[in-house]
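Read the structure below first, then the notes.
In our numbering, the protein residues as written are 939 to 1477.
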C-alpha cells in the first residue's frame, strides 16, 4: 500500500561538547545535554580544594538498576510501536471484498496523498518535536496511528482513505521524536549503548510484526480485517505506554537553557569562532543583536561554509535523489504485487514475509557497511554508481516479471542495497559538521527529497497528472535510476582521470575523509556517529 514506508530506525548519536546530536531520521533535532564547565575567569583550585569539592559518585548498584529500568521501558515502547502486523496487507485489504476499491482509485487517488501530506507536515513536525520536547509528538504519533487503523476499519470512501494517508504521513514525520527522545534521558557516556539497544528493539519490532502478520494469514487463515483489529490493539497499547514516558526539559534548538550557568556547556557553534558572538553582540542597529546571535542564523552562516566540501555535496545529492526514488518504490510496490499476483486466496499472499526479509537484509547490509574500508574520496562516486545500476536493474525486473517470487526477491535486494549506502552517507555528511549543523543539513536533505518525491508523484501517479498505472510507473522509475547511474558514473570517470593526471606528476598524499575538529573531539570521547532511521528511521 502507498503508506507502507520502511520502518527500520537506526538511531545512533555522536557526542560533541557533551550535547546530544540528531540522527535516525536525518534532519531531526535531539536534546542537548550538559557537562560541568568552570566559569570563564574563575580561579583555578588547588589539588586539595578540588578533591574537597568533588561531588560524591553515585552508588553503582542503584545507578545500574535505574539505567536498566530506563533502557528496558524505552526499548519495550520502541518495540511495541512497530507492532502493526496488518500493515503488509493493506493493499489487498483495500482492493479485496472488504473495501472493494479499484486499482485506479488506490494508485492514482489514495496513495499520492501520502507524498503531498508528508511534504506539508514534515517541517512543522520537525519544529514541534524540538519545541515541545519530544513527548507530545510521540503522543501525536500514537494518536495518528490509531486514527489510521480506525479509518481503515470503518472508512468506506476514497476521502476516508485519503485522510488515512494524511494521518499516516504524520506518523512518518513524527518518527524523529523517538530517535531524538531516547538520547535526551541518558548521559553521554551511555549514548553508544542506548543507540545499539534502541535500534535493535525497533528492528526486532518491525521483523516480528511482519512475521506475525504472515503467520496469521498463511497458517492461521486470519482475515485481513481481523489482522487490522489486532494492529489497532497493539497501537492502542503503545499509545498508553507513551503516556508514561518522561518528558525532557531541554532540547537542541528551542529549549537550550541558560548558556552560562553551572553545569551547562555552550553550543558547539559558540566554540567555532571564539569571540565572534561577543563582537556581534556589541554591535547596535539592525538586525538586532538577539537575532544576529540566534542559533539558527549562526547555523545558516556556517552552512554556507560547509556546503563547499565536495564529499558533503556528493552524499547530500545522493540522499536527495536516491531516497526520493527509494520511497516511491516502497510506496507503490504493494500495488504492483497485487497486480502481479491477483489471487483471491489470502493464504497465498506473502507480503509480510517479503517485508520481514527486506528488513533483515537491510539490517545486515547496514551493519556490513561499517566494515568497508576504502578511500571514499576517490571511490565514492563509483560505488554509488554501481549500487544505483543494481537498483535500476532490480526495478526493471519488478516491472518486467510476471512471477511474484521474483518480484519479492527483487524488492528485498533493492531495499538491502539502499540500506547499505545509508550509514556510509550518514557518516560522510555528519563527519564534517557540528551537532546543530547535522540536524539542519539532514533536515534540508530530507525536505528536498520529499519535495522531489512529491513532484514526481504529481506528474506520474496523480490522476491530475499522467495518472499512469503502477506497471508504467515502475518503468518510469527504472529510467530515473538509470539516469542517476549515468550521472554518478560520469562523475566517477572524471574523478578517476583527475587522479590519474595528478599521480603522473606527483605522488598523492594519503586521503583523509571528512573530519572536523568537532568530529575529532567526538571520536576521542568515544561516542558513536549518527546513523539514520529507515523507518523510520534513520532511517
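Glycine included, every Cβ here is placed at the ideal spot set by N, Cα and C.
Bear in mind that the values here come from a model prediction, so they are computed numbers and not experimental data.
Supposed contact pair residue j and residue i - C-beta distance, whole angstroms, cut 8 Å
| i | j | result |
| --- | --- | --- |
| residue 1297 | residue 1144 | 5 Å |
| residue 1357 | residue 1300 | 4 Å |
| residue 1398 | residue 1406 | 6 Å |
| residue 1247 | residue 1378 | Residue 1247 to residue 1378, Cβ: 15 Å. No contact. |
| residue 1045 | residue 1273 | 6 Å |
| residue 1292 | residue 1360 | Not quite, the Cβ-Cβ distance comes to about 20 Å (not below 8 Å), so this is no contact. |
| residue 1348 | residue 1261 | Rounded, the Cβ-Cβ distance is 19 Å, inconsistent with contact. |
| residue 1423 | residue 1327 | 5 Å |
| residue 1179 | residue 1337 | With 8 Å as the limit, residue 1179 and residue 1337 do not qualify as a contact, their Cβ atoms being about 42 Å apart. |
| residue 1115 | residue 1056 | Incorrect: roughly 15 Å between the Cβ atoms, too far for contact. |
Distance between residue j and residue i (C-alpha atoms, nearest Å)
| i | j | result |
| --- | --- | --- |
| residue 1257 | residue 1421 | 15 Å |
| residue 1218 | residue 1060 | Because the pLDDT of residue 1218 is 40, which lies under 50, any placement of that residue in the model is unreliable, and the number read from its coordinates should be weighed accordingly. Approximately 33 Å, taken between the alpha carbons. |
| residue 1125 | residue 1383 | 29 Å |
| residue 1339 | residue 1033 | 21 Å |
| residue 1086 | residue 1102 | 5 Å |
| residue 1043 | residue 1146 | 31 Å |
| residue 1123 | residue 1070 | 15 Å |
| residue 1319 | residue 1132 | 33 Å |
| residue 1048 | residue 1139 | 31 Å |
| residue 1058 | residue 1341 | 37 Å |
| residue 1364 | residue 1186 | 26 Å |
| residue 1413 | residue 1028 | 24 Å |
| residue 1068 | residue 1280 | 45 Å |
| residue 1117 | residue 1425 | 33 Å |
| residue 1283 | residue 1314 | 49 Å |
| residue 1009 | residue 1017 | 12 Å |
| residue 1381 | residue 1172 | 30 Å |
| residue 1169 | residue 1176 | 11 Å |
| residue 1174 | residue 1080 | 8 Å |
| residue 1031 | residue 1252 | 41 Å |
| residue 1245 | residue 1128 | 31 Å |
| residue 1097 | residue 1054 | 15 Å |
| residue 1113 | residue 1324 | 30 Å |
| residue 1019 | residue 1434 | 46 Å |
| residue 1099 | residue 1035 | 16 Å |
| residue 1249 | residue 1038 | 49 Å |
| residue 1385 | residue 1392 | 10 Å |
| residue 1084 | residue 1290 | 21 Å |
| residue 1278 | residue 1432 | 41 Å |
| residue 1390 | residue 1066 | 23 Å |
| residue 1265 | residue 1160 | 29 Å |
Among the options, nearest to residue i - alpha-carbon criterion
| i | options | result |
| --- | --- | --- |
| residue 1436 | 1317, 1107, 1404 and 1036 | 1317 |
| residue 922 | 1091, 1095 and 1018 | Here the chain comprises residues numbered 939 to 1477, so residue 922 is not present and cannot be evaluated. |
| residue 1368 | 1254, 1307 and 1335 | 1254 |
| residue 1141 | 1013, 1093, 1263 and 1400 | 1013 |
| residue 1183 | 1038, 1054 and 1075 | 1075 |
| residue 1134 | 1284, 1310 and 1305 | 1305 |
| residue 1343 | 1276, 1408, 1362 and 1361 | 1276 |
| residue 1063 | 1354, 1244 and 1108 | 1108 |
| residue 1148 | 1081, 1295, 1366 and 1114 | 1295 |
| residue 1092 | 1270, 1288, 1167 and 1321 | 1167 |
| residue 1335 | 1352, 1324 and 1082 | 1352 |
| residue 1415 | 1329, 1115 and 1428 | 1329 |
| residue 1355 | 1432, 1263, 1427 and 1269 | 1263 |
| residue 1077 | 1119, 1265, 1089 and 1428 | 1119 |
| residue 1105 | 1152, 1150 and 1052 | 1052 |
Buried versus exposed, by CB contacts within 10 Å (16 or more), residue i
| i | result |
| --- | --- |
| residue 1303 | buried |
| residue 1165 | buried |
| residue 1158 | exposed |
| residue 1438 | exposed |
| residue 1267 | buried |
| residue 1050 | buried |
| residue 1285 | exposed |
| residue 1007 | exposed |
| residue 1004 | exposed |
| residue 1442 | exposed |
| residue 1401 | exposed |
| residue 1023 | buried |
| residue 1243 | exposed |
| residue 1287 | buried |
| residue 1440 | exposed |
| residue 1082 | buried |
| residue 1152 | buried |
| residue 1428 | exposed |
Contiguous alpha helix (DSSP H) assignments of at least 4 residues, all confined to the region 1245 to 1285: 1248 to 1278
Runs of beta strand (DSSP E) lying entirely within the region 1286 to 1329, each at least 3 residues, in chain order: none
To test your reading of the DSSP string, which unbroken alpha helix (DSSP H) runs of 4 or more residues are found completely within the region 1366 to 1422? 1373 to 1394
What are the start and end residues of each continuous alpha helix (DSSP H) run of 4 or more residues lying completely inside the region 1069 to 1094, in chain order? 1073 to 1092
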